[in-house]
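Accompanying notes for the structure given below.
Residue numbers (my numbering): 230 to 597.
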(Lines of atoms letter the chains of each structure in order from A; the text may use other names.)
(Lines give C-alpha, C1' and ligand atoms only; values in the text may rest on other atoms or scores of the structure.)
Protein backbone atom coordinates (compact mmCIF):
# COMPACT_ATOMS: atom_id res chain seq x y z
CA UNK A 230 0.00 0.00 0.00
CA UNK A 231 1.32 3.44 -0.94
CA UNK A 232 0.07 7.01 -0.57
CA UNK A 233 -0.67 8.38 -4.01
CA UNK A 234 -2.61 11.57 -3.21
CA UNK A 235 -2.99 14.02 -0.33
CA UNK A 236 -5.57 16.80 -0.34
CA UNK A 237 -5.45 19.66 2.17
CA UNK A 238 -8.56 21.68 3.01
CA UNK A 239 -8.83 24.91 4.98
CA UNK A 240 -12.17 25.23 6.75
CA UNK A 241 -13.63 28.01 8.84
CA UNK A 242 -15.98 26.73 11.52
CA UNK A 243 -18.57 29.25 12.77
CA UNK A 244 -18.82 29.28 16.55
CA UNK A 245 -22.19 28.30 18.03
CA UNK A 246 -21.87 30.99 20.68
CA UNK A 247 -21.29 33.64 17.94
CA UNK A 248 -18.05 34.79 19.57
CA UNK A 249 -15.64 32.95 21.89
CA UNK A 250 -13.05 34.86 23.91
CA UNK A 251 -9.96 33.75 25.74
CA UNK A 252 -6.87 35.80 26.58
CA UNK A 253 -4.92 34.33 23.66
CA UNK A 254 -7.64 34.69 20.99
CA UNK A 255 -10.30 37.29 21.90
CA UNK A 256 -13.63 37.49 20.08
CA UNK A 257 -13.22 34.48 17.81
CA UNK A 258 -16.27 34.09 15.59
CA UNK A 259 -14.85 31.30 13.40
CA UNK A 260 -12.36 28.56 14.20
CA UNK A 261 -9.84 27.65 11.50
CA UNK A 262 -8.84 24.05 10.84
CA UNK A 263 -6.79 22.28 8.19
CA UNK A 264 -8.10 18.85 7.16
CA UNK A 265 -5.98 16.28 5.33
CA UNK A 266 -7.41 13.52 3.16
CA UNK A 267 -4.76 10.85 2.49
CA UNK A 268 -5.57 8.45 -0.36
CA UNK A 269 -3.77 5.21 -1.24
CA UNK A 270 -3.27 3.07 -4.33
CA UNK A 271 -5.62 0.44 -2.83
CA UNK A 272 -8.59 2.79 -2.57
CA UNK A 273 -8.35 3.12 1.21
CA UNK A 274 -8.24 6.67 2.52
CA UNK A 275 -8.12 8.44 5.85
CA UNK A 276 -8.74 11.88 7.31
CA UNK A 277 -6.85 13.96 9.83
CA UNK A 278 -7.12 17.48 11.16
CA UNK A 279 -5.11 20.26 12.75
CA UNK A 280 -6.48 23.21 14.69
CA UNK A 281 -5.11 26.64 13.78
CA UNK A 282 -4.17 29.17 16.43
CA UNK A 283 -1.18 30.84 18.01
CA UNK A 284 1.20 32.48 15.52
CA UNK A 285 1.71 32.38 11.75
CA UNK A 286 3.07 28.85 11.43
CA UNK A 287 0.09 27.61 13.43
CA UNK A 288 -2.50 29.56 11.47
CA UNK A 289 -4.16 28.07 8.41
CA UNK A 290 -1.88 29.64 5.79
CA UNK A 291 1.23 28.51 7.63
CA UNK A 292 -0.07 24.99 8.24
CA UNK A 293 -1.14 24.57 4.62
CA UNK A 294 2.22 25.72 3.29
CA UNK A 295 4.46 23.78 5.67
CA UNK A 296 2.32 20.63 5.59
CA UNK A 297 2.33 20.59 1.80
CA UNK A 298 6.09 20.97 1.59
CA UNK A 299 6.67 18.28 4.24
CA UNK A 300 4.37 15.81 2.46
CA UNK A 301 5.71 16.58 -0.99
CA UNK A 302 9.38 16.21 -0.02
CA UNK A 303 9.28 13.39 2.53
CA UNK A 304 5.97 11.54 2.89
CA UNK A 305 4.18 11.03 -0.42
CA UNK A 306 4.35 7.41 -1.69
CA UNK A 307 5.12 5.98 1.76
CA UNK A 308 3.04 3.16 3.25
CA UNK A 309 0.61 5.00 5.59
CA UNK A 310 0.43 1.97 7.88
CA UNK A 311 4.12 2.26 8.67
CA UNK A 312 3.47 4.77 11.42
CA UNK A 313 6.91 4.45 13.01
CA UNK A 314 8.71 5.27 9.77
CA UNK A 315 6.43 8.24 9.12
CA UNK A 316 6.86 9.51 12.66
CA UNK A 317 10.62 9.10 12.47
CA UNK A 318 10.69 11.13 9.26
CA UNK A 319 8.57 13.93 10.73
CA UNK A 320 10.60 14.00 13.95
CA UNK A 321 13.60 15.30 11.98
CA UNK A 322 11.69 18.59 11.70
CA UNK A 323 11.78 20.17 15.16
CA UNK A 324 8.47 21.42 16.59
CA UNK A 325 5.82 22.70 14.09
CA UNK A 326 3.41 20.15 15.54
CA UNK A 327 0.37 21.64 13.81
CA UNK A 328 1.99 21.03 10.42
CA UNK A 329 2.40 17.32 11.16
CA UNK A 330 -0.78 16.53 13.05
CA UNK A 331 -3.36 16.19 10.26
CA UNK A 332 -1.24 13.87 8.10
CA UNK A 333 -0.27 11.70 11.08
CA UNK A 334 -3.90 11.36 12.19
CA UNK A 335 -5.01 10.39 8.67
CA UNK A 336 -2.40 7.62 8.58
CA UNK A 337 -3.79 6.19 11.82
CA UNK A 338 -7.27 6.33 10.30
CA UNK A 339 -6.02 4.27 7.33
CA UNK A 340 -4.21 1.82 9.61
CA UNK A 341 -7.39 1.12 11.54
CA UNK A 342 -9.47 0.74 8.40
CA UNK A 343 -6.89 -1.61 6.86
CA UNK A 344 -7.31 -4.10 9.72
CA UNK A 345 -10.98 -3.40 10.38
CA UNK A 346 -10.41 -2.15 13.93
CA UNK A 347 -11.09 1.12 15.79
CA UNK A 348 -8.08 3.06 17.01
CA UNK A 349 -8.85 2.35 20.66
CA UNK A 350 -8.33 -1.35 19.86
CA UNK A 351 -4.97 -0.63 18.18
CA UNK A 352 -3.92 1.32 21.30
CA UNK A 353 -4.42 -1.77 23.44
CA UNK A 354 -8.08 -1.58 24.42
CA UNK A 355 -10.41 0.57 26.49
CA UNK A 356 -9.72 1.43 30.11
CA UNK A 357 -12.97 3.37 30.46
CA UNK A 358 -16.26 3.20 28.57
CA UNK A 359 -17.05 6.91 28.65
CA UNK A 360 -14.76 9.92 29.00
CA UNK A 361 -15.72 12.93 31.13
CA UNK A 362 -16.01 16.23 29.26
CA UNK A 363 -15.14 19.70 30.42
CA UNK A 364 -16.84 22.80 29.09
CA UNK A 365 -14.82 25.91 28.32
CA UNK A 366 -16.49 29.13 29.44
CA UNK A 367 -15.72 32.08 27.18
CA UNK A 368 -14.32 35.19 28.84
CA UNK A 369 -17.20 37.57 29.46
CA UNK A 370 -18.77 39.50 32.29
CA UNK A 371 -18.77 37.59 35.60
CA UNK A 372 -22.58 37.39 35.55
CA UNK A 373 -22.77 35.97 32.02
CA UNK A 374 -20.01 33.43 32.71
CA UNK A 375 -21.80 32.20 35.84
CA UNK A 376 -25.06 31.92 33.90
CA UNK A 377 -23.35 29.89 31.19
CA UNK A 378 -22.03 27.46 33.78
CA UNK A 379 -25.54 27.08 35.14
CA UNK A 380 -26.85 26.24 31.67
CA UNK A 381 -24.19 23.59 31.01
CA UNK A 382 -24.73 22.18 34.49
CA UNK A 383 -28.27 21.24 33.46
CA UNK A 384 -26.75 19.27 30.55
CA UNK A 385 -24.79 17.12 32.98
CA UNK A 386 -21.39 18.86 32.78
CA UNK A 387 -19.38 18.85 36.02
CA UNK A 388 -15.98 20.04 34.77
CA UNK A 389 -15.52 23.67 33.76
CA UNK A 390 -12.65 25.71 32.37
CA UNK A 391 -12.90 29.40 33.24
CA UNK A 392 -11.21 31.74 30.77
CA UNK A 393 -9.40 34.72 32.31
CA UNK A 394 -6.40 36.92 31.51
CA UNK A 395 -8.16 39.82 29.80
CA UNK A 396 -5.82 42.45 31.21
CA UNK A 397 -7.78 43.63 34.24
CA UNK A 398 -6.92 41.63 37.36
CA UNK A 399 -9.93 42.87 39.33
CA UNK A 400 -12.22 41.62 36.57
CA UNK A 401 -10.41 38.27 36.55
CA UNK A 402 -10.92 37.95 40.30
CA UNK A 403 -14.61 38.80 39.88
CA UNK A 404 -14.97 36.21 37.10
CA UNK A 405 -13.48 33.49 39.27
CA UNK A 406 -15.63 34.39 42.27
CA UNK A 407 -18.82 34.51 40.21
CA UNK A 408 -18.17 31.23 38.42
CA UNK A 409 -17.37 29.32 41.60
CA UNK A 410 -20.10 30.90 43.74
CA UNK A 411 -22.62 28.18 42.94
CA UNK A 412 -20.18 25.30 42.82
CA UNK A 413 -21.64 21.87 43.57
CA UNK A 414 -19.73 19.24 45.59
CA UNK A 415 -18.93 17.01 42.59
CA UNK A 416 -17.73 19.80 40.28
CA UNK A 417 -14.17 20.58 39.19
CA UNK A 418 -12.99 24.00 38.05
CA UNK A 419 -9.88 25.05 36.15
CA UNK A 420 -8.97 28.71 35.74
CA UNK A 421 -7.05 29.21 32.48
CA UNK A 422 -5.07 32.41 31.90
CA UNK A 423 -3.47 30.98 28.70
CA UNK A 424 -0.12 32.43 29.74
CA UNK A 425 -1.25 36.07 29.83
CA UNK A 426 -0.30 36.89 33.43
CA UNK A 427 3.10 37.95 34.71
CA UNK A 428 4.38 36.09 37.77
CA UNK A 429 3.32 38.88 40.14
CA UNK A 430 -0.14 39.01 38.55
CA UNK A 431 -0.65 35.26 38.89
CA UNK A 432 0.34 35.43 42.55
CA UNK A 433 -1.92 38.44 43.14
CA UNK A 434 -5.00 36.76 41.65
CA UNK A 435 -4.38 33.43 43.36
CA UNK A 436 -4.03 35.08 46.76
CA UNK A 437 -7.17 37.15 46.20
CA UNK A 438 -9.20 33.95 45.72
CA UNK A 439 -7.21 31.55 47.89
CA UNK A 440 -10.43 30.55 49.69
CA UNK A 441 -11.73 29.02 46.45
CA UNK A 442 -10.84 25.54 45.22
CA UNK A 443 -9.65 25.34 41.60
CA UNK A 444 -6.71 24.34 39.42
CA UNK A 445 -4.66 27.16 37.91
CA UNK A 446 -3.87 26.47 34.25
CA UNK A 447 -0.95 28.00 32.35
CA UNK A 448 -0.72 31.22 34.40
CA UNK A 449 2.35 32.58 32.54
CA UNK A 450 3.81 32.27 29.07
CA UNK A 451 7.18 30.68 29.80
CA UNK A 452 8.11 27.49 31.60
CA UNK A 453 10.36 29.27 34.10
CA UNK A 454 7.63 31.77 34.99
CA UNK A 455 5.11 28.97 35.59
CA UNK A 456 7.68 27.13 37.70
CA UNK A 457 8.24 30.27 39.78
CA UNK A 458 4.50 30.64 40.36
CA UNK A 459 4.23 26.97 41.31
CA UNK A 460 6.97 27.28 43.95
CA UNK A 461 5.18 30.17 45.65
CA UNK A 462 1.57 29.05 45.94
CA UNK A 463 -0.40 26.24 47.49
CA UNK A 464 -2.61 25.43 44.54
CA UNK A 465 -2.57 22.70 41.86
CA UNK A 466 -0.92 23.87 38.62
CA UNK A 467 -1.75 22.62 35.14
CA UNK A 468 0.52 23.19 32.13
CA UNK A 469 -1.08 23.52 28.71
CA UNK A 470 0.29 25.74 25.93
CA UNK A 471 3.87 24.85 26.89
CA UNK A 472 3.38 21.14 26.20
CA UNK A 473 4.62 21.08 22.60
CA UNK A 474 6.89 18.03 22.90
CA UNK A 475 7.70 15.08 25.10
CA UNK A 476 10.87 16.76 26.37
CA UNK A 477 8.79 19.37 28.20
CA UNK A 478 6.78 16.65 29.96
CA UNK A 479 9.97 14.95 31.11
CA UNK A 480 11.35 18.27 32.32
CA UNK A 481 8.12 19.16 34.11
CA UNK A 482 8.15 15.82 35.91
CA UNK A 483 11.78 16.22 36.94
CA UNK A 484 11.16 19.76 38.21
CA UNK A 485 7.80 18.91 39.83
CA UNK A 486 6.48 21.80 37.75
CA UNK A 487 2.84 20.72 37.56
CA UNK A 488 0.16 18.48 39.01
CA UNK A 489 -1.75 18.05 35.76
CA UNK A 490 -1.15 18.77 32.10
CA UNK A 491 -2.99 19.20 28.83
CA UNK A 492 -1.98 17.33 25.69
CA UNK A 493 -3.16 19.16 22.58
CA UNK A 494 -3.00 16.80 19.60
CA UNK A 495 -2.23 19.59 17.11
CA UNK A 496 0.26 21.32 19.37
CA UNK A 497 2.30 18.21 20.10
CA UNK A 498 2.44 16.93 16.52
CA UNK A 499 -0.39 14.46 15.99
CA UNK A 500 -1.93 11.26 17.27
CA UNK A 501 1.41 9.43 17.47
CA UNK A 502 3.10 12.03 19.65
CA UNK A 503 -0.03 12.49 21.75
CA UNK A 504 -0.08 8.75 22.48
CA UNK A 505 3.58 8.80 23.59
CA UNK A 506 3.03 11.93 25.68
CA UNK A 507 -0.04 10.40 27.33
CA UNK A 508 1.87 7.22 28.19
CA UNK A 509 4.81 9.13 29.66
CA UNK A 510 2.53 11.36 31.73
CA UNK A 511 0.60 8.33 32.96
CA UNK A 512 3.81 6.55 33.97
CA UNK A 513 4.89 9.70 35.82
CA UNK A 514 1.56 9.85 37.66
CA UNK A 515 0.42 13.10 36.02
CA UNK A 516 -3.28 13.12 35.06
CA UNK A 517 -3.97 14.50 31.59
CA UNK A 518 -6.59 16.41 29.67
CA UNK A 519 -6.61 15.46 25.98
CA UNK A 520 -7.81 18.07 23.52
CA UNK A 521 -6.75 20.26 20.61
CA UNK A 522 -6.90 23.91 19.61
CA UNK A 523 -10.04 23.64 17.48
CA UNK A 524 -11.62 20.81 15.58
CA UNK A 525 -14.52 18.97 13.98
CA UNK A 526 -15.66 15.40 14.54
CA UNK A 527 -12.29 14.32 13.10
CA UNK A 528 -10.18 15.70 15.94
CA UNK A 529 -12.84 14.95 18.54
CA UNK A 530 -12.82 11.27 17.51
CA UNK A 531 -9.03 11.10 17.83
CA UNK A 532 -9.27 12.65 21.30
CA UNK A 533 -11.90 10.13 22.39
CA UNK A 534 -9.80 7.14 21.25
CA UNK A 535 -6.92 8.41 23.39
CA UNK A 536 -9.25 9.21 26.28
CA UNK A 537 -10.92 5.79 26.38
CA UNK A 538 -7.50 4.08 26.47
CA UNK A 539 -6.26 6.16 29.42
CA UNK A 540 -6.66 4.82 32.94
CA UNK A 541 -9.36 6.80 34.81
CA UNK A 542 -6.96 7.70 37.63
CA UNK A 543 -4.59 9.23 35.05
CA UNK A 544 -7.28 11.05 33.10
CA UNK A 545 -8.99 14.35 33.79
CA UNK A 546 -11.11 15.21 30.78
CA UNK A 547 -11.45 15.95 27.08
CA UNK A 548 -13.93 18.17 25.29
CA UNK A 549 -16.47 17.78 22.49
CA UNK A 550 -14.85 20.29 20.15
CA UNK A 551 -17.27 19.65 17.30
CA UNK A 552 -20.14 20.83 19.48
CA UNK A 553 -18.60 24.30 19.75
CA UNK A 554 -19.37 24.89 16.06
CA UNK A 555 -22.60 24.96 14.06
CA UNK A 556 -20.94 23.19 11.13
CA UNK A 557 -20.40 19.44 10.75
CA UNK A 558 -18.13 17.41 8.47
CA UNK A 559 -19.23 13.89 9.37
CA UNK A 560 -22.58 12.19 8.98
CA UNK A 561 -24.10 9.78 11.48
CA UNK A 562 -24.09 9.78 15.24
CA UNK A 563 -21.10 7.68 16.21
CA UNK A 564 -19.95 10.27 18.73
CA UNK A 565 -22.32 10.14 21.69
CA UNK A 566 -22.41 12.98 24.22
CA UNK A 567 -24.56 12.30 27.24
CA UNK A 568 -24.64 13.70 30.77
CA UNK A 569 -21.26 15.40 30.45
CA UNK A 570 -19.46 12.38 28.98
CA UNK A 571 -18.55 11.13 25.50
CA UNK A 572 -18.09 7.73 23.83
CA UNK A 573 -18.67 5.94 20.52
CA UNK A 574 -21.97 4.41 19.47
CA UNK A 575 -20.27 1.49 17.71
CA UNK A 576 -16.87 0.10 16.80
CA UNK A 577 -16.34 1.48 13.32
CA UNK A 578 -12.74 1.04 12.14
CA UNK A 579 -10.13 3.78 12.15
CA UNK A 580 -11.27 7.07 13.64
CA UNK A 581 -14.81 5.73 13.54
CA UNK A 582 -16.46 8.52 11.56
CA UNK A 583 -17.55 8.99 7.94
CA UNK A 584 -16.45 12.35 6.59
CA UNK A 585 -18.87 13.91 4.10
CA UNK A 586 -16.77 14.96 1.07
CA UNK A 587 -19.24 17.67 0.16
CA UNK A 588 -18.70 19.33 3.54
CA UNK A 589 -15.01 19.78 2.73
CA UNK A 590 -15.51 21.49 -0.61
CA UNK A 591 -12.60 21.80 -3.02
CA UNK A 592 -9.08 21.25 -1.65
CA UNK A 593 -6.73 24.21 -1.24
CA UNK A 594 -3.68 22.09 -2.07
CA UNK A 595 -3.30 18.67 -3.72
CA UNK A 596 -0.05 16.67 -3.62
CA UNK A 597 0.34 13.67 -5.96
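For every residue, glycine included, the Cβ atom is placed at its ideal position computed from N, Cα and C.
Since we're looking at a predicted model, the values are computed, not measured.
Distance from the CA atom of residue 465 to the CA atom of residue 548, rounded to whole angstroms, is 21 Å.
Shown here, residue 442 sits in coil according to DSSP, grouped into three states, outside any helix or strand. Assigned with DSSP and collapsed to three states, residue 532 falls in helix. The three-state reading of DSSP puts residue 239 in strand, counting E and B together. Here residue 555 has 243 and 245 as same chain residues with Cβ atoms under 6 Å from its own Cβ, once five neighbours each way along the sequence are excluded.
With contacts defined as CB atoms closer than 7 Å, residue 550 and residue 528 qualify as a contacting pair.
In summary, residue 326 is buried, with 16 or more beta-carbon neighbours lying within 10 Å of its beta-carbon over all protein chains present.
DSSP places residue 281 in the coil class of the three-state scheme, outside both helix and strand. For a cut-off of 8 Å, the C-beta gap from residue 296 to residue 328 is around 5 Å, short enough to register as a contact. Within the model, the alpha-carbon separation for residue 512 versus residue 591 is close to 43 Å.
Annotated three-state conformation of residue 262 is strand, per DSSP. In this chain, residue 315 is not harboured by any beta strand (DSSP E); it is covered by the alpha helix (DSSP H) spanning 312-320. Distance check between residue 471 and each of 568, 463, 494 and 573 places 494 closest, using alpha-carbon atoms only. Going by DSSP, residue 374 is part of the alpha helix (DSSP H) stretching over 371-383.
The continuous beta strand (DSSP E) containing residue 493 extends over residues 489-493. Per DSSP, residue 363 is not a residue of any alpha helix (DSSP H); the beta strand (DSSP E) it occupies stretches across 363-366.
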